[in-house]
Structure formats: structure tokens, C-alpha cells
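Trainee: The structure that follows is given in the form of C-alpha cells.
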Amino acid sequence: MAAVQETIDQVKAIDVDQYKHGFVTDIESELAPKGLDEDIVAFISAKKEEPEWMLNWRLDAFRRWKTMEEPAWARVDYPKIDFEDLHYYAAPKKREGPRSLDEVDPEILETYKKLGIPLSEQEILAGIAPENRVAVDAIFDSVSVATTFKEELARAGVVFCPISEAIREHPELVQKYLGSVVPVSDNFYATLNTAVFSDGSFVYIPPGVRCPMELSTYFRINEPNTGQFERTLIVADKGSYVSYLEGCTAPQRDENQLHAAVVELVALEDAQIKYSTVQNWYPGDADGKGGIYNFVTKRGDCREKNSKISWTQVETGSAITWKYPSCILRGDNSQGEFYSIAISNGHQQIDSGTKMIHLGRNTASRIISKGISAGVSQNTYRGQVSAHRKASDARNFTQCDSLLIGDKCGAHTVPYIESKNSSAVFEHEATTSRISDDQMFYCQARGLDEEEAVALIVNGFVRDVIQQLPMEFAVEAQKLISISLEGSVG
Amino acid sequence: MLEIKNLHAEVDGNEILRGIDLTVRPGEVHAIMGPNGSGKSTLSYVLAGKEEYEVTEGSVFYNGVDWAELGAHERAAAGMFLAFQYPIEIPGVATMTFLKTALNAQRKARGEDEISTPDFMKLVREKSRELKVTPDMLKRPLNVGFSGGEKKRAEILQMSLLEPTLCVLDETDSGLDIDALRVVSDGVNQLRSPERSMIVITHYQRLLDHIIPDVVHVLSKGKIVKTGGKELALDLEKNGYADYVDEEAA
Ligand SMILES: Nc1ncnc2c1ncn2[C@@H]1O[C@H](COP(=O)(O)OP(=O)(O)OP(=O)(O)O)[C@@H](O)[C@H]1O
Ligand SMILES: [Mg+2]
């Protein structure tokens, strides 16, 4: 863990209350007028040059959404969102969609560079071993601005492109799978997303192909008063494998911004999808002003036998997080995994967890959740494990650990377990602990200051989950953890 | 040089140290003995800077620096090391990682460069071989599931790696088997040097056969009630504390 030292330097370099990614990019952009009605939905669809079926799908979702209520069951508290006071489309002015990197606004390229995500392939290639390369789809407000390594991926038969492009160029794949995991009226935010989503990534891995590099999407909200509604669809055909990474940041703004994404994963026979997220949206300031509302629906479908889906998430940002990456274990012998680190500090509120729905025979799932609460934050793990009548020999292991820093925060564990098949074996373990004064003193007596001591102890606490992340992400995640716990002691 | 003058300290409103005077010059090894509950560990915590322990009177200076001005981590960077009577477990943090983090934190506080990974590995391998700490232990989370003796050896490994100039060993010998006692004592003796001061807290004369002290003190009810040469330890071993403790009560 050499990263700890690096982490610590980074923490030192930053003043408390200064979110590192909080800068604003000054570009001209094209905005839809505020508010939402059928015209806006049609406007978005037209902007994307979508076929008729897509427009109809959106309109259907919009009409259903009008009849739905915002959910209130999560343990989060926020003023009512005025859905008429948002822009539902924002795009950097210029040509629609990137044809090549040369067409991307240099200010935007600069933004990604500042975030540590070079988009020029030459820059990426400099000094990186081929097996460590990552192909990136960069989404800026509502549109994808650049996708790298497309050609090389295409040679392997992999499709990795903005979803708006996939709708135009691979309609048969999109029509077959979009909405097949998260149905149109699944929940309030997913339905809203279906009506207004503007971009996102699409991945298709053909049968028997092991994707030659990690795929990654990097989301950035820039425009004020803008909702970001991206849609991601990943399909791993029979016997294929893909590892996908998602990262997010936003500028520091006083008002709250809404992010309501939908991610759907489909794994066919013998296929495996590994989906990792490092979520670092702006969390709001020390007084709880501003920050992103992160209301996300993520679900994977192990549709055929022997398939496997793993979710790994490191959630450090956002004012409010509401998210339950789930697995439907439909295929026989399929496996689902959920590894999570959720950190709340300041006034952040997190209600996150997973659902493992065992439908097929001999299915297995594993949940490792590490919640860390500091400041006056509230951190809830909510998990559901269920076995269907036909799910013989379903197995689940859940380990749910909470760590409290200080005495003004809260940690809550809400497990729902339901089994309609008597052969199911579900195990649940939960612990809640505090960083003890003795541990702090011991570290300090060895020369670590308070923040270094907390960073070290927390990194130890989350080690099981960090080990699940791809190498590069693991280092970034460790840094983020320390940064987000800044000011949590003393 | 360590200079403790009329030191009074309390915890949770209970006065534990009641006027300690003690001077330890560079190169000296002082042993502190005394009955259970006399305040030996308390003295070691106060020297290391544990927050719950409040100094109500008197002072501690080390090399002319007022210890009251420094927090625990700053004292460590200034040369202080406490080998804990009960080492603390840090789950999930490999011993190796902990050692490197501590070493680099101190180097940074002193304005030195971080140690390179190869140099560090070499250093750890060498020191752990001397102290018979296995590579397997270095990979395990610090002190988690270590036996009593393993914990004590890990403490001395940290000490020899961090190279402090003021070492306080709180009952490092308790829990060690006969062979481990020799290994640990050898490790400590190797660190003896003209610029280093040591305070060795123990209940047993046995340790002082290996680590030969310049001065022996008896602590009772928060005060030093007797000071002598190493023969004092032998006397205590034979006759117990009764003489000194009574003297104090009278
Ligand atoms: N938090 C506390 N509140 C009240 N009394 C305390 C507290 N902590 C320690 N003490 C008391 O202070 C006294 C000195 O304790 P200390 O641990 O320093 O003794 P010691 O000399 O190291 O004993 P031992 O030989 O058993 O290790 C004991 O009587 C102990 O009970
Ligand atoms: Mg003691």
C-alpha cells in the first residue's frame, strides 16, 4: 500500500472543503429549455436522430412517469425536487457527437486531462504496457465527446460506442436488449431516465471473445441546473468476458444537481461481466450546501447458465446516493457478486446496497459491504436476498461491516431475506465498529498524524473490497477514500 | 537527554503520577520496576503523548524540547518510541505496510525523502531476520492473531527499523519464552549506543541479566521511592517490594 503515502500527500495538498474536481469548464453549450413535456422528449430524440421506435419508447415512458410518485422509502432526506426547474439536455456547442478526437473542443480535452483522463490515444499509449490500456468513452453533460481505441476494439469484434450511436448503427442489438433488464416502469427515476436519457455507453462482446482491454466510461456534469440521465447497456454474448470501469465527477456548485442513470447488464451462457464504479460526484460543502443527487438504477441479468456478474463500487461522492446494483440469477449455476465501499462524511446521505434474486438452480451470490460514516452523515446498507420456488440449492454469503468515525454520524443495516425454497442456504454476518482511541494513539505513537492514522485504518478496513478492483482503480480508490475522509477527525 | 521534573498526571480525574523526577542521559539505560498499578505504564503513555493522560504539574523536556508542545506523532518524529505493554491490533493493514507507512511518516516530518521500496525491503528483511520475525508475519495484519510473544517481537522490530533515540520498553519481556527473551534482548542491546536513552519497565530481574541497566528505580503509587544500581533489582527479586513500599507509606 505505497498508495497511502501518496494519498496523504494529496490530502495535505488540499484545503479542507475543497473538492478537487470542482472546477468549471468554460464552453458554450446548447441547452434545452427548462422543464419537461412531450416536446422536450421529442426534442432530445430528434437531436439524437433516433428512429421512430425509440421515440415511441421514450414517450411511453414519459406518460407512465407522469403517473408515478417519487419513492420515499429510502433513509434519505432532501427537499422536494422541482422537475420543471431542470434542463434535460445540454451539449457542448459544435457538431453533434464526435467523429474523431480532432473535432472535440480543446477545452473539453483539457478538462479530462485535468481529471487525469487523457483522451488522445498517443497520450494514453505513452508509457503504458498494452495489457494495461483502458479504452474510454467520455460523457460530458448529455453527450459522449470521445471514445478511444474504437478501431482496435472493432478488430476484436467488440462494439464500444455512445449509446446514441448504437441506436443508429446497431438497432437490432439495442432493440433486443435495451429495457430487458430494467423495464420501462421499474421505478420513478428509471422511468424518467427512459424518457429523457441523452447518452451513455453501449458495449457488445461477441461470443467467445475476451475483451482485449478494460473499457471505461467517464461521466462529467458541467452545466448548472442540468440533470444527467445516462444509459448504459452492456451485453456479453456466450462465453465472453469484459471488465468495465465507470468514473464520475462534477464541478462545485451551490445548487443540487440530479443524476439519474440506468445501467443494464446482460450475461449470456458462460459469459462474465465485471463492472467497477468509482463514484466521486461533488458531495456538497461542509455545511451541506450543494452536491449531486445520485439516484441510480443498476441491474445485471445472468440470463443464461454459468454466467457471472460482479459489481464493485467505491462510493465517496454525492450529497445523496440511492443505488442498489443488483443481480438476477436466472441461469442455472449463475453467480452474482457485490463488493461495496460506501463512505459518507459531512452531511452526505447514502442508502445503498444490492439485491440478489435467485431464480435458477444452483446459483450463488456473495455480498461484501463496507460502510464508513463520519461527520454528521447517515449511511445505510439495504440488501435483499431472495430465492424463488425453483431456485434449488441457492447460496448466499453476506458480510456487512460498518465503521463509525466520531459520534454524530449513523450507520444502519437493513437486510431483507426471503426464501421460497427450503434448500437455500443464506448466511448473513454484520459488524459495527469504531476506530478506537487506542488504535489512533498506537498509530500516532509511530509517527502518523491524525489524518494519516485514519487513512491507514480505513484502508485496512476496506482491504477485502479494494482487492477486487482493477489495479489502476485500486490506487485511485485508496486516494479518494482518504480525501473524502478529510476533516473527519479532531 | 530526558528530563522529567515533578511530573504529576491524571486520567479521568484520578491522579496516577504524583511527582516524578527522573533524568536519563544519552547512552544510559534505566530500569523501572514496581508493583502492579504503581503507574509504570501511565508514565510511558505520558511520555509518548496519549491524550487522555493529562499533565497537571511539572514538566518533561527531551533534548531541550518541551514535550508539552508536541503531539504524539511529533514526539515520534523527534525520536520517541514506546514498545507497548499491550500492542494494538490494526485489522486489514499488513505489518509490512504499517512499518513502511510509519517510517515514511517520520522521515517526512523530519524533512527527509521517502525510503525507496527496494531499500525498505532490504532493511525489513535484515531486521526481521535478526528478530526471527517470519515473512509470513510481515504479510499478516499488524498484531491480529499474533501470539503474545510475536506481538512483542513485532514491537522491537518496529523499534529497530525506526531507530528512535528515546526508547521506552513497557514489559517487553512478559510473554516471551526463554529463546525469544534472548533474541529480543540482543535486538535491544544492538540499539544501545552513546546517543540513545532507554527506559526499560519490567517485573523481572531476569531481563536485566540480558539488558544490563545503568540505574534501577522503584516506582510505587506514582512516585519513585528508591533508586540504585543493578544490584537493586537482585534485592527486589529476593525480598519483594515490601521494604520500599512501606517506607513510602510511613
Ligand atoms: N482510565 C483510568 N481511570 C482510572 N484509573 C486508571 C485509568 N487508567 C489507569 N488507571 C489506574 O492507574 C493505575 C496505574 O496503572 P498503570 O497501568 O500505569 O500501572 P502499571 O504500573 O503499569 O501496572 P502493571 O505492572 O500491572 O502493568 C492503576 O491503578 C490503574 O487502575
Ligand atoms: Mg503496565
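From first to last, the protein sequence lines are chains A and B.
Under the working numbering, think of the first position of the first sequence as 38, with each following residue one higher.
Under the working numbering, think of the first position of the second sequence as 26, with each following residue one higher.
Ideal placement from N, C-alpha and C gives every residue a C-beta, glycine not left out.
Note that the structure is a prediction, hence the values are computed from the model and not measured.
(1) Hey, could you find the ends of the alpha helix (DSSP H) R231 (chain B) is sitting in?
(2) Can you tell me whether DSSP reads H98 (chain B) as helix, strand or coil?
(3) For the putative contact between Y479 (chain A) and I224 (chain B), defined by C-beta atoms under 8 Å, what is the C-beta separation to the nearest angstrom?
(4) Figure out for me which residue from B:H98, B:D268 and B:I181 has the closest Cα to the Cα of S153 (chain B).
(5) Consider the C-beta atom of V36 (chain B) and the heavy atoms of ligand 1; say whether any pair is separated by less than 6 Å.
(6) For ligand 1, any of its heavy atoms closer than 6 Å to the Cβ of N129 (chain B)?
(7) Residues in the same chain with beta-carbon distance under 8 Å from E206 (chain A), minus the five sequence neighbours each way, listed in chain order, please.
(8) Please report how far the alpha carbon of A205 (chain B) lies from the alpha carbon of G96 (chain B), in whole angstroms.
(9) Using 10 angstroms around the beta-carbon of R336 (chain A), count the other beta-carbons present and answer buried if the total reaches 16, otherwise exposed.
(10) What number of angstroms, rounded off, separates the C-alpha of K326 (chain A) from the C-alpha of Y319 (chain A)?
(11) Rounded to whole angstroms, what is the Cα-Cα separation between L47 (chain B) and T252 (chain B)?
(12) At a Cβ threshold of 7 Å, is Y376 (chain A) touching chain C?
(13) Please classify V462 (chain A) as buried or exposed, where buried requires at least 16 neighbouring CB atoms within 10 angstroms.
(14) What residue does the beta strand (DSSP E) around T48 (chain B) start on, and which one ends it?
(15) If you draw a straight line from the alpha carbon of Q476 (chain A) to that of D234 (chain B), how long is it in whole angstroms?
(16) Output, in chain order, the set of chain A residues within a Cβ distance shorter than 9 Å of Q110 (chain B).
(17) Nearest-angstrom Cα distance between R340 (chain A) and L366 (chain A)?
(18) Answer yes if the stretch 423 to 435 of chain A comes into contact with the stretch 504 to 514 of chain A, meaning at least three C-beta pairs across the two stretches below 8 Å, and no otherwise.
(19) Could you tell me which of A:L506, A:P208, A:Y376 and A:G383 sits nearest to N416 (chain A), measuring between CA atoms?
(20) Just to make sure I have the definition right: I need the residues of chain B whose C-beta is within less than 9 Å of the C-beta of I494 (chain A). Which are they?
(21) How far does the beta strand (DSSP E) with T269 (chain A) in it reach, from first residue to last?
(22) If contacts are defined as beta-carbon pairs under 8 Å, then I409 (chain A) and V495 (chain A) qualify, I think. What distance do you get, rounded to the angstrom?
(23) May I have a chain-ordered list of the beta strand (DSSP E) segments no shorter than 3 residues that lie completely inside the stretch 377 to 418 of chain A?
(24) Using 8 Å as the cut-off, can you tell me whether the stretch 130 to 137 of chain B makes contact with the stretch 484 to 493 of chain A, which would need three or more C-beta pairs spanning the two stretches below that distance?
(25) By Cβ distance below 7 Å, which residues in the same chain neighbour R112 (chain A) in space, the five residues on each side in sequence not counted?
(26) So, helix, strand or coil for V512 (chain A), using DSSP?
(27) Can you find a heavy atom of ligand 1 that lies under 6 Å from the Cβ of T67 (chain B)?
(28) Would you tell me roughly how many angstroms separate the C-alpha atoms of L216 (chain B) and T120 (chain B), rounded to the nearest one?
(29) With burial defined as no fewer than 16 other Cβ atoms inside 10 Å of the residue's Cβ, what is the status of M58 (chain B): buried or exposed?
(30) Less than 6 Å between the CB of Q265 (chain A) and some heavy atom of ligand 2, yes or no?
(31) Report the neighbours of Y479 (chain A) on chain B: residues whose CB is nearer than 8 Å to its CB, in chain order.
(32) Residue range of the beta strand (DSSP E) that D338 (chain A) falls in?
(33) Between A:L210, A:I378, A:P220 and A:I271, which lies nearest to G237 (chain A) when the distance is taken from Cα to Cα?
(34) For V36 (chain B), collect the residues of the same chain with a Cβ closer than 8 Å to its Cβ; drop the 5 residues on either side in sequence, then sort them by chain order.
(35) Look at the alpha carbon of E107 (chain A) and the alpha carbon of G104 (chain B), and state the distance between them as a whole number of angstroms.
(36) Look up F80 (chain A) in the DSSP assignment and say whether it is helix, strand or coil.
Mentor: Reading off the structure:
(1) Position 206 of the second sequence, counted from the first residue, corresponds to residue 231 (chain B). Looking at the DSSP string, the run of the alpha helix (DSSP H) that includes R231 (chain B) is Q230 to H235.
(2) Within the second sequence, numbered from 1, the residue matching residue 98 (chain B) stands at position 73. Of the three classes helix, strand and coil, the one that applies to H98 (chain B) here is helix, per DSSP.
(3) Locating residue 479 (chain A) in the first sequence gives position 442, where the first residue counts as 1. Locating residue 224 (chain B) in the second sequence gives position 199, where the first residue counts as 1. The pair is not a contact, with the Cβ atoms about 19 Å apart (cut-off 8 Å).
(4) Against the second sequence, residue 153 (chain B) aligns to sequence position 128. Cα-wise, what sits closest to S153 (chain B) is B:I181.
(5) For the purposes of this step, residue 36 (chain B) is identified with residue 11 of the second sequence, where counting begins at 1. V36 (chain B) Cβ: within cutoff of ligand 1.
(6) By one-based count along the second sequence, residue 129 (chain B) stands at place 104. Result no, Cβ not under 6 Å from ligand 1.
(7) Indexing the first sequence from 1 puts residue 206 (chain A) at position 169. Contacts found: C198.
(8) Taking the second sequence and counting its residues from 1, the one referred to as residue 205 (chain B) is at position 180. Taking the second sequence and counting its residues from 1, the one referred to as residue 96 (chain B) is at position 71. If you take the alpha carbons of A205 (chain B) and G96 (chain B), they lie about 33 Å apart.
(9) Counted from its first residue, the first sequence places residue 336 (chain A) at position 299. Answer is buried; the Cβ neighbour count reaches 16.
(10) Counted from its first residue, the first sequence places residue 326 (chain A) at position 289. Counted from its first residue, the first sequence places residue 319 (chain A) at position 282. Near 11 Å, if we compare the C-alpha coordinates of Y319 (chain A) and K326 (chain A).
(11) In the second sequence, counting from the first residue as 1, residue 47 (chain B) sits at position 22. In the second sequence, counting from the first residue as 1, residue 252 (chain B) sits at position 227. So the alpha carbons of these two residues sit roughly 10 Å apart.
(12) The chain inventory of the structure shown lacks chain C, comprising the protein chains A and B.
(13) Working through the first sequence from its first residue, we reach residue 462 (chain A) at position 425. Flag for V462 (chain A) reads exposed.
(14) Walking along the second sequence from the start, residue 48 (chain B) turns up at place 23. T48 (chain B) -> beta strand (DSSP E) spans N39 to V49.
(15) In the first sequence, the residue the question calls residue 476 (chain A) occupies position 439. In the second sequence, the residue the question calls residue 234 (chain B) occupies position 209. Roughly 33 Å separates the two Cα atoms.
(16) As a working mapping, residue 110 (chain B) is identified with position 85 in the second sequence. Simply none; closest approach about 12 Å.
(17) Locating residue 340 (chain A) in the first sequence gives position 303, counting from the first residue. Locating residue 366 (chain A) in the first sequence gives position 329, counting from the first residue. So the alpha carbons of these two residues sit roughly 7 Å apart.
(18) no
(19) On the first sequence, residue 416 (chain A) is found 379 positions in, with the first residue counted as 1. Measuring from the Cα of N416 (chain A), the nearest candidate turns out to be A:G383.
(20) For this step, residue 494 (chain A) is matched to residue 457 along the first sequence. The answer, in chain order, is I115, P116, G117 and V118.
(21) In the first sequence, residue 269 (chain A) corresponds to position 232, counting from 1. Segment R268 to A273, the beta strand (DSSP E) holding T269 (chain A).
(22) Indexing the first sequence from 1 puts residue 409 (chain A) at position 372. Indexing the first sequence from 1 puts residue 495 (chain A) at position 458. Confirmed, Cβ separation roughly 6 Å.
(23) 386 to 395 and 401 to 410
(24) yes
(25) As a first step, residue 112 (chain A) must be located in the first sequence, where it is residue number 75. Cβ neighbours of R112 (chain A) beyond the five flanking positions: D388, Q415, T417 and H449.
(26) The residue you call residue 512 (chain A) lines up with position 475 of the first sequence. Looking at V512 (chain A) - three-state DSSP - the assignment turns out to be helix.
(27) By one-based count along the second sequence, residue 67 (chain B) stands at place 42. Correct: T67 (chain B) has its Cβ closer than 6 Å to ligand 1.
(28) What you label residue 216 (chain B) is simply residue 191 of the second sequence in a count that begins at 1. What you label residue 120 (chain B) is simply residue 95 of the second sequence in a count that begins at 1. Answer to the nearest angstrom: the Cα atoms are 21 Å apart.
(29) As a working mapping, residue 58 (chain B) is identified with position 33 in the second sequence. M58 (chain B) comes out buried.
(30) In the first sequence, the residue the question calls residue 265 (chain A) occupies position 228. No, the Cβ of Q265 (chain A) stays beyond 6 Å of every heavy atom of ligand 2.
(31) As a working mapping, residue 479 (chain A) is identified with position 442 in the first sequence. What Y479 (chain A) touches in chain B: F109, P112, I113 and I115.
(32) Working through the first sequence from its first residue, we reach residue 338 (chain A) at position 301. First-last of the beta strand (DSSP E) with D338 (chain A): G328 to C339.
(33) The residue given as residue 237 (chain A) occupies position 200 in the first sequence. The option with the nearest alpha carbon to G237 (chain A) is A:I271.
(34) If you number the second sequence from 1, residue 36 (chain B) lands on position 11. Same-chain partners within the cutoff: T67, E77, Y78 and E79.
(35) Walking along the first sequence from the start, residue 107 (chain A) turns up at place 70. Walking along the second sequence from the start, residue 104 (chain B) turns up at place 79. Going by the C-alpha atoms only, they are around 59 Å apart.
(36) Along the first sequence, read from residue 1 onward, the residue named residue 80 (chain A) stands at position 43. F80 (chain A): helix per DSSP, three-state reduction.
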